[in-house]
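A short worksheet on the structure shown next.
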Amino acid sequence: MYSHYMTTSRTAAVIGGGVAGPVTAMALRRAGIEATVFEAYAHGAEGVGSFLTVAVNGQRALRELDLLDLVRRHGFDCPRFEFVSGKGKPLGGFPAAPERTADGLTSRTLRRTDLYTALRDEALRRGVPIEYGKRLVTTERTSDGVTAVFADGSRFTADILVGADGLLSRTRELIDPAAPKPRYVPLLNTGGFTRAAVPGDPGTMVMYFGRDAFFCHMLAPDGVVWWFANVPQVRELSPAELAAITPDQWRRRLIETFAVDTTPARAVVEATEQIAQPWNTYDFPSVPTWHGDRMVLVGDAAHAASPTSGQGASLAIEDALVLAKSLRDAPDAATAFSAYERERRERVERVVAEAKKRSADKMPGPIGRVVRDLVLPLVFARRAKSGGDDWVLSHEIHWA
Ligand SMILES: Cc1cc2nc3c(=O)[nH]c(=O)nc-3n(C[C@H](O)[C@H](O)[C@H](O)COP(=O)(O)OP(=O)(O)OC[C@H]3O[C@@H](n4cnc5c(N)ncnc54)[C@H](O)[C@@H]3O)c2cc1C
80 MYSHYMTTSR TAAVIGGGVA GPVTAMALRR AGIEATVFEA YAHGAEGVGS FLTVAVNGQR
140 ALRELDLLDL VRRHGFDCPR FEFVSGKGKP LGGFPAAPER TADGLTSRTL RRTDLYTALR
200 DEALRRGVPI EYGKRLVTTE RTSDGVTAVF ADGSRFTADI LVGADGLLSR TRELIDPAAP
260 KPRYVPLLNT GGFTRAAVPG DPGTMVMYFG RDAFFCHMLA PDGVVWWFAN VPQVRELSPA
320 ELAAITPDQW RRRLIETFAV DTTPARAVVE ATEQIAQPWN TYDFPSVPTW HGDRMVLVGD
380 AAHAASPTSG QGASLAIEDA LVLAKSLRDA PDAATAFSAY ERERRERVER VVAEAKKRSA
440 DKMPGPIGRV VRDLVLPLVF ARRAKSGGDD WVLSHEIHWA
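Note that my numbering gives residue 182 to position 103 of the sequence shown, counting from 1, and the numbers run on in steps of one.
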């Protein structure tokens with residue numbers, strides 16, 4: 080049961096210093112709530128993964144918080160997607176953003192490190208305290224707030240606690256001990272940066288549905304090729320099994336996997352000095368409970384879409400804005416949390432469901448492959464004509 084209190088929340092503990100955490104803290108400050116961020120790792124999550132794309136809907140949410148210019152200082156625009164079969168046959172393509180949008184924004188790809196660092200530094204500049212080495216282990220309800228208890232024994236009490244602690248969220252378990260675990264999507268991720276000859280204009284994301292694996296490259300304006308690959312992996316590997324794959328073994332497996340395709344994938348992999356250690360893919364079909372007494376989830380903690388969506392960071396940023404607005408406008412936290420969930424749940428679950436379907440195109444069997452290569456040109460042609468993803472990309476949230 081919620082305890083209703085008729086004063087607006089004034090303080091918040093935000094758990095997690097990834098994308099959702101610092102943005103939520105800055106949005107809450109704008110709503111008059113003093114937020115402190117607590118990150119489990121000693122130096123934040125920068126350096127994790129390679130790069131990601133912030134879609135136009137995420138950028139517009141950033142703009143409402145005066146964060147857009149800061150983020151656009153990094154990376155480069157990716158205005159177009161092109162799709163090619165493993166045999167080198169073009170399957171179609173379409174713009175990364177609805178062409179009719181007046182602000183001219185398009186997808187922006189940047190290194191994860193740059194995004195995390197930029198958000199963290201700006202949060203600090205705006206006066207948001209960020210504490211590192213603070214892993215949330217449990218919470219305790221006080222008469223008028225909630226106390227976060229960290230692994231190092233320290234504690235912090237605030238009016239509300241926001242779980243921005245990602246896919247393996249501890250806050251989610253504390254809100255609902257019966258919460259489901261993330262669902263394994265049978266694909267390994269990897270990627271890298273190199274110099275190699277690739278087709279396509281700078282910024283175009285060229286994606287290849289190879290016979291056995293998926294590959295994407297984009298040429299940055301400075302001539303560096305940024306790439307990622309998704310390799311089917313039926314059985315979920317444990318962290319120890321993933322760590323045990325040596326860089327040489329992984330390189331060999333990728334080269335063998337892409338050797339059957341008539342695409343630049345193999346040459347790009349061979350030219351890459353440092354290939355990212357593989358990591359698992361997960362999503363969350365639905366998290367039944369997003370909030371409990373004075374605690375609420377944002378970002379991947381509430382709704383992870385598989386990376387195929389290219390929407391995880393953007394949805395996390397949208398969450399931050401909607402949650403802060405809801406807290407600004409509602410008479411109490413419980414009402415605000417319900418309003419936030421009402422506004423967000425249907426949208427994010429639709430993105431998760433569509434990404435799940437697209438992930439399946441990356442791992443078909445032999446018959447599925449033939450069907451896929453025949454059907455995808457029609458799918459992409461229809462999407463280019465009808466603006467299939469416009470409902471995700473055109474979404475706007477206004478602070479005012
Ligand atoms: C391979 C891959 C590619 C992707 N590509 C894209 C893309 O192109 N575009 C896109 O939009 N999204 C992409 N995503 C998704 C995107 O990275 C996530 O959706 C986004 O990072 C979610 O932000 P978050 O803040 O919710 O979680 P995270 O960024 O994971 O941050 C969570 C933070 O919480 C901390 N934490 C965890 N537990 C605790 C605890 N108990 N106490 C304190 N702190 C804790 C973690 O250390 C971490 O810093 C991709 C994801 C993957 C895996």
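Every residue, glycine too, gets a C-beta built ideally from N, C-alpha and C.
The structure displayed is predicted, hence computed values, not measured ones.
- DSSP places Asp398 inside the alpha helix (DSSP H), whose first and last residues are Gly391 to Asp408.
- Annotation: Val116 to Lys404 spans about 19 Å, alpha carbon to alpha carbon.
- Taking a 10 Å sphere around the C-beta of Ala322, we find fewer than 16 other C-beta atoms and assign the residue as exposed.
- The beta-carbon separation of Ser88 and Asp223, rounded to 10 Å, does not stay under the 8 Å limit for a contact.
- The alpha-carbon of Val228 is positioned some 9 Å away from that of Thr236.
- With a threshold of 16 other beta carbon atoms within 10 Å, Thr221 falls short and is exposed.
- Around the beta carbon of Gln138, a 10 Å sphere encloses 16 or more other beta carbons of the protein chains shown; the residue is thus reported as buried.
- Listed in chain order, the alpha helix (DSSP H) runs fully inside the stretch 128-157 are 135-143 and 147-151, counting runs of at least 4 residues.
- With the rule of 3 Cβ pairs closer than 8 Å, the stretch 92-112 does not count as touching the stretch 358-369.
- Assignment of Asp362 by DSSP, reduced to helix, strand and coil, places it in the strand class.
- Under DSSP, no beta-bridge partner is assigned to Ser222.
- In the three-state scheme derived from DSSP, where H, G and I count as helix and E and B as strand, Tyr263 is classed as strand.
- Inter-residue distance for Thr188 and Ala243 is about 22 Å (C-alpha atoms, whole angstroms).
- Counting only residues of its own chain and dropping the five nearest sequence neighbours on each side, Gly212 has a CB closer than 6 Å to the CB of Ala121.
- Close CB contacts of Asp452 within its chain, under the 6 Å cut and outside five residues either way in sequence, are with Ser164 (chain order).
- Beyond the five residues adjoining it in sequence on each side, Glu210 comes within less than 6 Å, by CB distance, of Phe117 in the same chain, given in chain order.
- In the structure shown, the three-state DSSP call for Pro357 is coil.
- Taken atom to atom, the span from the alpha-carbon of Gln312 to that of Gly282 is near 29 Å.
- Non-local C-beta neighbours of Gly167 in its own chain, meaning closer than 7 Å and more than five positions away in sequence, comprise Thr341 and Thr342, ordered along the chain.
- Distance from the C-beta of Val98 to the nearest heavy atom of ligand 1 is below 7 Å.
- Counting only residues of its own chain and dropping the five nearest sequence neighbours on each side, Val285 has a CB closer than 6 Å to the CB of Glu161, Gly279 and His296.
- Here DSSP, grouped into helix, strand and coil, assigns Gly96 to coil.
- Taking the Cα of Arg262 as reference, the smallest distance to any Cα among Arg437, Ile396 and Thr360 is reached at Thr360.
- Under the DSSP assignment, His382 falls in the alpha helix (DSSP H) whose first and last residues are Asp379 to His382.
- In the three-state scheme derived from DSSP, where H, G and I count as helix and E and B as strand, Gly270 is classed as strand.
- Look at Glu420: its beta carbon is at least 7 Å from all of the heavy atoms in ligand 1.
- The three-state reading of DSSP puts Leu215 in strand, counting E and B together.
- Look at Trp470 here: in three-state DSSP terms it is helix.
- CA-CA distance, His477 to Leu400, rounds to 8 Å.
- Counting along the chain, Val163 sits inside no alpha helix (DSSP H); it lies in the beta strand (DSSP E) bounded by residues Arg159 to Ser164.
- With respect to the 8 Å criterion, Met374 and Leu215 are not classified as neighbours on the basis of their beta carbons.
- Taking 7 Å as the cut-off, the C-beta of Arg214 counts as close to a heavy atom of ligand 1.
- Comparing alpha carbon positions, the residue from Val241, Phe293 and Ala258 closest to Pro265 is Phe293.
- Rounded to whole angstroms, Phe363 and Arg142 show a C-alpha spacing of 28 Å.
- Taken in chain order, the complete beta strand (DSSP E) segments of 3 residues or longer contained in the stretch 170-203 are 187-190.
- Judged by DSSP secondary structure, Pro311 falls within the beta strand (DSSP E) whose first and last residues are Val304 to Pro311.
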